[in-house]
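Structure, as structure tokens:
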Amino acid sequence: MTAVALERYAPRESMPQIVIQSVGGGFAVSVGGQAVRFCGDELGAHHWGKHAFEAVNQGLRRPGEIGRAMRRLCLIATRHNLHH
């Protein structure tokens, strides 16, 4: 069972790069060069970066769909007590 409804499948060779970078007093989680989440601290950025990584592993490739899926993945992990 997947936690995210996939819009399309893509080969692993096309997996986007996930980057956490310092920006203007906070941190951005970027996927394929496009910011998908801004956080006030580094711990939060690593938290959301983990969810971006999970979304990519589930087959999502576009930054917009990854950004939308991260919130759902966080809720599912919390409900199933899988959150770290």
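First residue of the sequence shown? That's 3 in our numbering, and the numbers climb one at a time after it.
Glycine included, each C-beta is placed from N, C-alpha and C at the ideal position.
Computed from a predicted model, the values in this text were never measured in an experiment.
C-beta atoms of residue i and residue j nearer than 8 Å
| i | j | result |
| --- | --- | --- |
| glutamate 44 | phenylalanine 29 | yes |
| valine 38 | isoleucine 68 | yes |
| alanine 71 | alanine 57 | yes |
Exposure label - residue i; buried when at least 16 CB within 10 Å
| i | result |
| --- | --- |
| arginine 66 | According to the sequence provided, residue 66 is glycine. The question's arginine does not apply to it. Glycine 66 is exposed by the Cβ-count criterion. |
| glycine 2 | Residue 2 is absent from the structure shown; the chain starts at 3 and stops at 86. |
| glycine 27 | exposed |
| leucine 84 | exposed |
Distance cut-off 7 Å: residue i Cβ against heavy atoms of the ligand COA
| i | result |
| --- | --- |
| isoleucine 22 | Of ligands this structure carries none, so the ligand COA is not represented either. |
Anticipated Cβ contact below 8 Å, residue i with residue j, distance rounded
| i | j | result |
| --- | --- | --- |
| glycine 51 | valine 31 | 5 Å |
| phenylalanine 53 | leucine 75 | Per the sequence presented here, residue 53 reads as histidine, with phenylalanine not at that position. Going by Cβ atoms, the distance from histidine 53 to leucine 75 rounds to 5 Å, so yes, they are a contact pair. |
DSSP-derived helix/strand/coil call for residue i
| i | result |
| --- | --- |
| arginine 63 | coil |
| glycine 28 | strand |
Run of the beta strand (DSSP E) containing residue i, from where it starts to where it stops
| i | result |
| --- | --- |
| glutamine 19 | Unbroken run through glutamine 19: none, as it is neither H nor E. |
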